[in-house]
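As structure tokens, the structure follows; a few thoughts come after it.
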Amino acid sequence: MLNIPSPRRATPETAAPGLSRRTFLTASLTAGGGLLLAVSLPTLAGEALAADGPFAPDAFIRIDADGAVTLVMPQVEMGQGTYTALPMLIAEELAVDLAGVRLEHAPPSDKLYGNPAIGFQVTGGSTSIRGFYEPLRKAGATARTMLVTAAAQTWGVDPASCDAARGVVLHPATGRTATYGSLAAKAAAVAVPKEVALKPADKFTLIGTPAKRLDAPGKVDGTAAYGIDVKLPGLKIATVAACPVFGGKLKSVDDTKARAVKGVRQIVKLDDAVAVVADHMGAAKKGLAALTIEWDEGPNAKLSTGEIVQQMQALAASGPAVDDKKVGDVAAAERAAARTVKATYQMPFLAHTTMEPLNCTVHVRPDACEVWVGSQVLSRAQATAAEVTGLPLEKVSVHNHLLGGGFGRRLEVDSVTQAVKIAKQVDGPVKVVWTREEDIQHDIYRPYYYDEFAAGLDAQGKVSSFRHRVVGSSIVARWLPQAFTNGLDFDAVDGAAGPYTFPNLHVDYVRHVLPEGLVTGWWRGVGITHNAFMVEGFVDELAVEAKADPVAFRSGLLAGDARARGVLELAAQKAGWGTAMPARAGRGVSLLFGFGTYMAQVAEVEIGKDGAVKVPRIVCVVDCGVVINPDTIKAQVQGGIVYGLTAALYGEITLKDGRVEQSNFDSYQALRIEEMPQIEVHIVESREAPGGLGEPSTAGVAPAVVNAVFAATGQRLRQLPIDPDRLKGA
């Protein structure tokens, strides 16, 4: 997914118009050690609230007269634990029990629910905690302060003599108490404080402790609502077939047989797709299979992966390249080097394959449009529906749901656009559901990357120069064009030198413009997922060339970075680095800094005689700054490793005759349960600012595995997925 690197993170001056400068925090330490914040939180000003209505001091918190606390969630839950970690921030400062916090999906609004780390309403880039750590704590502290003030006014005492705990304001001197619910109406009339003090870390009672997932019960008992679960009176189900060739169009369709299928109600034609609308999914699929479709395949009818790689190979040799980082004099260092090492690394297109296939329910009326969807970019979903229908934004309502996986795929709104186009031709609500085949063969893929490296080593085996040329398509140019400056895609080069310090360094980028219709997008950490694999593989090569231990060699490149060295050394220690391994088995290490988090992984592999790679154990050490919920961190790391290991062993989207060759999990394989490694997660205690956890472990596993393969076989793998044929007999 989208990664906003810390040095380029949005600032008050660069944030998108959806967030005002006033929403950015100004912080200073109070004499008592608490964090004193002055900030204007987004409010519901202008909305009419009844005199006996809820206490809603800002856009995030609502407290009803019965004491119920509701958090309006600015971010979405797609399995990463956001719907537990963010309420923990509110509950900590509001002084309420976590189990009593109700959750409500936020409506589309960049102004009220924009992500401060990015600048508009989006869940991605492992920014949920990074972006909302202080704003949501501030929201809780503000509400608590106003409730305490209301109680103090009622009792005629100094607010400083009052305390709050478990949804009750207390006056210890007199023993008086008042529930938040009983104070809600009066608190609503209290002036919003300009500054509030947040708890110091040593006073936390929730943050940093294991907490049960608030979304788990509904997922266990089946009451949790995903987009695909939407049920409405008169709802019809549609499924689609888009042109199998990227950029192709619909030429003609004979729907005679389809209309004869029981339950089929309507055939909808679009420029590049056909939809069958029916009473249920079974009828829609049968109707779709009965269509006779002729496609205009367009200019990409013969496009192949090999052709794309040839284009990228030519670009790597000739540019034009845009500089990202230049340190020292690389050319002079190369001339003086005792040895020069060069390598080319490649990573394939990848699909997202979320558990829940793409779906969107839409009801278009003459004067309004209603959308039900699971989206990482709710305001963009609203905007595309408005554009397709021609309605003003305020006439388009969007209801968000839990996401059955996102991984960046639901940062896109192509399926929403398509569903609204179909719904415009249907009388009543229609749910458009993509089949798994459609989902895989018409994904917005993680880019193919073709990168070239060169490094110089001096006589002592130390790195004297480091070059990295990144060649790939630009997601930023399409998805966030205002951030695509001077031809540089900041995400494509994120982590392109790893967490290391080189005396002479040159990183540059060459954009590969894809054929029309073939679109690439975020994939659970795009820049880091490819750069970690490539940089860590090449650094391992340099360690071998220098005849140095891979862990010690990396440590020597960290230039005093204590956090990076800490995770590296702890991972080595916990994994038993340096102890003997059986024949055809080995350990490999990776180190990265991304999304504000330091992470090291050590993988153990065993290579079968048939070349098959088995990964029995992975040790991961993570320093993500302040820990919110350690259970969520472990789950995130485990899930990310499974996702990344799947890609390392099997993930590859290939094109032949303009078509994607993979179509379902038989040809786009996922990790099987018997292949699941033992995963050990060790969390470093830290008081640093919180980092992101959704994506780093996905990025770190592939390089650790291929480096372990080298240790076991002597075979250096510079291209994914791993090819067992190369390892037979090795």
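Residue numbering for the sequence shown follows our numbering, starting at 9 and increasing by one per position. Glycine included, C-beta positions come from ideal geometry on N, C-alpha and C. The structure displayed is predicted, hence computed values, not measured ones.
Item, Value
"So is Thr587 buried or exposed if we call it buried at 16+ other beta carbons inside 10 Å?", "exposed"
"Relative to the alpha-carbon of Leu243, which residue among Ala431, Val438 and Ala500 has its alpha-carbon at the smallest distance?", "Val438"
"Could you tell me how far apart the beta carbons of Ala250 and Asp280 are, in whole angstroms, since I believe they sit closer than 8 Å?", "6 Å"
"Mind pulling the beta strand (DSSP E) runs of 3 or more residues that sit fully within the region 108 to 136?", "109 to 113"
"Write down every uninterrupted run of the alpha helix (DSSP H) in the region 617 to 697 whose length is 4 residues or greater and which is fully enclosed by it, in chain order.", "638 to 657"
"Using beta-carbon positions only, say whether His409 and Gly436 come within less than 9 Å of one another.", "no"
"Can you grab the Cα-Cα spacing for the pair Val335 / Tyr508, in whole Å?", "13 Å"
"Once the 5 residues before and after Ala346 are set aside, which same chain residues still bring their CB inside 7 Å of it?", "Leu465, Asp466 and Ala467"
"Between which two residues does the beta strand (DSSP E) containing Trp303 stretch?", "Thr300 to Asp304"
"Using the beta-carbon count (16 or more within 10 Å), is Pro208 buried or exposed?", "exposed"
"What would DSSP say about Trp531, mapped onto helix, strand or coil?", "coil"
"Would Ala720 be called buried (16 or more neighbouring beta carbons within 10 Å of its own) or exposed?", "buried"
"Helix, strand or coil: how does DSSP classify Ser705 here?", "helix"
"Which same chain residues, not among the five before or five after Ala158, have their C-beta less than 7 Å away from its C-beta?", "Leu191, Lys194, Ala195 and Val198"
"Helix, strand or coil, according to DSSP, for Trp585 in the structure here?", "coil"
"With a Cβ-Cβ cutoff of 9 Å, do Val501 and Val515 count as a contact?", "yes"
"Taking the Cβ atom as the reference point for each residue, do Ile98 and Phe63 lie within a distance shorter than 9 Å?", "no"
"Quickly, what does DSSP pair Phe474 with across the bridge? List them, please.", "Ala463 and Leu513"
"Where do the ends of the beta strand (DSSP E) carrying Tyr353 lie?", "Arg347 to Met355"
"Within 10 Å of its beta-carbon, does Arg138 have 16 or more other beta-carbons around it, so buried, or fewer, so exposed?", "buried"
"Which whole-angstrom value describes the C-beta separation of Gly148 and Glu100, a residue pair presumed to lie in contact below a C-beta threshold of 8 Å?", "7 Å"
"Out of curiosity, what's the CA-to-CA distance linking Ile316 and Gly327?", "15 Å"
"Taking the alpha carbon of Met542 as the reference point, which residue from Leu178, Pro729, Lys257 and Ala325 has its own alpha carbon closest?", "Pro729"
"Can you tell me the Cα-Cα spacing of Ala567 and Leu52, whole angstroms?", "49 Å"
"Using 10 angstroms around the beta-carbon of Asn11, count the other beta-carbons present and answer buried if the total reaches 16, otherwise exposed.", "Confidence is the limiting factor: at Asn11 the pLDDT is only 49, short of 50, which leaves the residue's position unreliable, though a coordinate-based value still follows. The residue is buried, with at least 16 neighbouring Cβ atoms inside 10 Å."
"Check whether the region 624 to 636 and the region 694 to 707 are in contact - that is, three or more C-beta pairs closer than 8 Å.", "yes"
"Would you mind stating whether Leu386 and Val441 have Cβ atoms separated by less than 9 Å?", "no"
"Apart from the five residues on each side of it in sequence, which residues of its chain come closer than 8 Å, Cβ to Cβ, to Met363?", "Gly412 and Gly413"
"Taking the CB atoms as reference points, tell me whether Val406 and Pro115 lie closer together than 9 Å.", "yes"
"Since Ile746 contacts Pro356 with CB under 8 Å, what's their CB separation in whole angstroms?", "Because the chain is modelled from 9 through 738, residue 746 falls outside the range shown and cannot be assessed."
"What do you reckon, are the CB atoms on Val372 and Ala391 nearer than 9 Å?", "no"
"From this set, Ala93, Val80, Ala103 and Ala339, which residue's C-alpha is nearest Ser117's C-alpha?", "Val80"
"Between the alpha carbons of Asp237 and Val428, how many angstroms are there, rounded?", "18 Å"
"In whole angstroms, what is the alpha-carbon distance linking Ile301 and Leu278?", "12 Å"
"Going by DSSP in three states, Ile452 sits in which element: helix, strand or coil?", "coil"
"Could you give the C-beta distance for Gly89 and Gln644, rounded to a whole number, given that I count them as a contact under 8 Å?", "7 Å"
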